[in-house]
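Residue numbers (this note's numbering): 83 to 391.
Here it is as structure tokens:
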């Protein structure tokens with residue numbers, strides 16, 4: 083039964099994840115284009131054909147962000163290569179989000195990243211996608227009155243680059259965006275509220291073309307933050323870069339995956355209570371999505387294959 087369920091997941095499916103501490107939601111696409119939600123509330127459930135939240139084009143990219151699971155936004159592409167949004171609000175359930183009606187056109191090979199901006203009580207969102215001239219375009223939602231709008235264009239990138247982003251607040255609001263540039267280097271774009279956008283210090287030259295990318299941040303104080311970037315490296319291995327306030331260095335995550343896997347990450351806790359969860363396809367039941375867990379200071383297998391496996 084596990085193998086049958088896993089085979090409903092698209093091989094090289096986009097993967098997105100959100101959480102409120104250890105309450106987890108993971109989004110994948112099935113072989114019919116349906117976007118499904120798997121959830122963890124003490125044990126893994128759902129992920130079946132009864133848990134569809136939206137339908138995207140086959141092989142759609144996907145990104146998700148949330149505010150403590152009370153508000154969830156999942157972004158993906160339509161068959162017409164326009165940005166779509168599946169929205170969940172506590173007490174309301176799932177519905178078609180406001181971005182869908184804007185018909186923002188992107189490149190057919192675009193990937194998508196999304197983040198909820200840190201430090202706000204209300205929903206303030208940013209979505210990143212690649213448009214037809216191969217530049218990375220930022221879209222923003224600041225309020226119901228302003229709605230969705232185009233914001234900063236972040237310049238050219240490798241066609242089909244994956245995109246990872248995270249937001250945090252130290253003494254100011256910050257966003258960190260991770261892409262592959264035209265030369266194939268995995269690089270960092272930085273936004274700080276008092277400075278605007280600028281090029282960051284991360285540069286990874288060994289990433290293969292169109293490498294999977296995901297990012298998360300934690301331990302934010304008034305003067306520092308920790309960031310983790312997960313990316314597909316050589317020889318079909320997922321690797322980690324770590325920033326803990328002084329310099330980028332190799333992290334401890336290094337796991338074999340299927341060729342072309344996509345990746346998502348969430349975190350909760352801090353210090354010795356830090357937890358990280360990474361979701362990717364490593365070949366369990368061919369196309370099952372696996373969970374790798376960082377807890378008590380070490381990495382280990384979480385769930386071999388989440389539902390529907």
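All C-beta atoms, glycine included, are put in the ideal place defined by N, C-alpha and C.
It should be emphasised that the depicted structure is a prediction, and the values quoted were computed from it without experimental measurement.
Legend entry - Three-state secondary structure (DSSP) of residue 88: Looking at residue 88 - three-state DSSP - the assignment turns out to be helix.
Inset, instruction - Mind the definition here: the stretch 94-102 touches the stretch 146-153 only if three or more C-beta pairs lie below 8 Å; say whether that holds. - result: With a cut-off of 8 Å, the stretch 146-153 and the stretch 94-102 count as touching, because enough Cβ pairs lie within range.
Inset, instruction - Determine the DSSP secondary structure at residue 184, reduced to helix, strand or coil. - result: In the displayed model, residue 184 falls within a helix according to three-state DSSP.
Legend entry - Simplified DSSP assignment, three categories, for residue 254: Three-state DSSP puts residue 254 in coil, outside helix and strand.
Inset, instruction - Over the uninterrupted beta strand (DSSP E) stretch that includes residue 346, give me the two end residues. - result: Unbroken beta strand (DSSP E) run through residue 346: 345-350.
Legend entry - Buried or exposed by the 16-neighbour rule on C-beta atoms within 10 Å, applied to residue 248: Its Cβ being crowded by 16 or more others within 10 Å, residue 248 is buried.
Inset, instruction - Determine contact between the stretch 350-360 and the stretch 325-333, defined as no fewer than three beta-carbon pairs at a distance below 8 Å. - result: No: the two stretches stay apart, fewer than three of their Cβ pairs being nearer than 8 Å.
Legend entry - Endpoints, beta strand (DSSP E) assigned at residue 108: Segment 105-111, the beta strand (DSSP E) holding residue 108.
Legend entry - Per-residue burial, residue 106 [other beta carbons within 10 Å of its own, 16 or more giving buried]: Residue 106 should be labelled buried.
Inset, instruction - Using alpha carbons as the reference points, say which of 277, 104 and 314 lies closest to residue 287. - result: Residue 287 has its Cα closest to that of 314, out of 277, 104 and 314.
Inset, instruction - Run the proximity test for residue 132: is its beta-carbon closer than 8 Å to any non-hydrogen atom belonging to the ligand NAP? - result: Because no ligand of any kind appears in the structure shown, any question about the ligand NAP cannot be addressed here.
Inset, instruction - Would you kindly check if the distance between the Cβ of residue 265 and the Cβ of residue 282 is under 9 Å? - result: In this structure, residue 282 lies away from residue 265, with their beta-carbon atoms at least 9 Å apart.
Inset, instruction - Name the one or two DSSP bridge partners that residue 99 has. - result: BP columns for residue 99 point to 108.
Legend entry - Buried/exposed call for residue 74, threshold 16 Cβ in 10 Å: Residue 74 is absent from the model: the chain starts at 83 and stops at 391.
Inset, instruction - Tell me where the beta strand (DSSP E) around residue 144 begins and ends. - result: Note, residue 144: beta strand (DSSP E), 144-149.
Legend entry - Neighbourhood of residue 366 by C-beta distance below 6 Å, restricted to the same chain and skipping five residues each side: Taken in chain order, the residues that qualify are 372, 386 and 387.
Inset, instruction - Out of 206, 230, 242 and 231, point me to the one whose CA is closest to residue 41's CA. - result: For the chain, the structure presents residues 83 to 391; residue 41 sits outside this window and is missing.
Legend entry - Which listed residue (222, 132 and 293) has its alpha carbon closest to that of residue 341: Closest option to residue 341, Cα to Cα, is 293.
Inset, instruction - Could you check if residue 378 is buried or exposed, using at least 16 other CB atoms within 10 Å of its CB as the buried criterion? - result: In this structure residue 378 is exposed. Its beta-carbon is surrounded by fewer than 16 other beta-carbon atoms within 10 angstroms.
Legend entry - Residue range of the beta strand (DSSP E) that includes residue 141: Taken as a continuous stretch (DSSP letters only), residue 141 belongs to no beta strand (DSSP E), as it is neither H nor E.
Legend entry - Residues that residue 232 bridges to, as DSSP identifies them: Paired residues: 221.
Inset, instruction - Kindly give me the distance between the Cβ atoms of residue 179 and residue 161, rounded to whole angstroms, as I take these residues to be in contact under 8 Å. - result: About 17 Å separates the two Cβ atoms, so there is no contact after all.
Inset, instruction - Determine the DSSP secondary structure at residue 318, reduced to helix, strand or coil. - result: In the structure shown, residue 318 adopts helical secondary structure according to DSSP, grouped into three states.
Legend entry - CA-to-CA distance, residue 151 to residue 171, given in whole angstroms: Cα atoms of residue 171 and residue 151: separation of roughly 8 Å, rounded to the nearest angstrom.
Legend entry - Nearest residue (CA-CA) to residue 68, options 108, 330, 246 and 115: Residue 68 is absent from the model: the chain starts at 83 and stops at 391.
Inset, instruction - Would you mind sorting residue 218 into buried or exposed? The rule is 16 or more other CB atoms within 10 Å of its CB. - result: Buried, by the Cβ-count rule.
Legend entry - Identity of the residue in 284, 222, 118 and 260 nearest residue 390 by Cα: Among 284, 222, 118 and 260, the Cα nearest to that of residue 390 belongs to 118.
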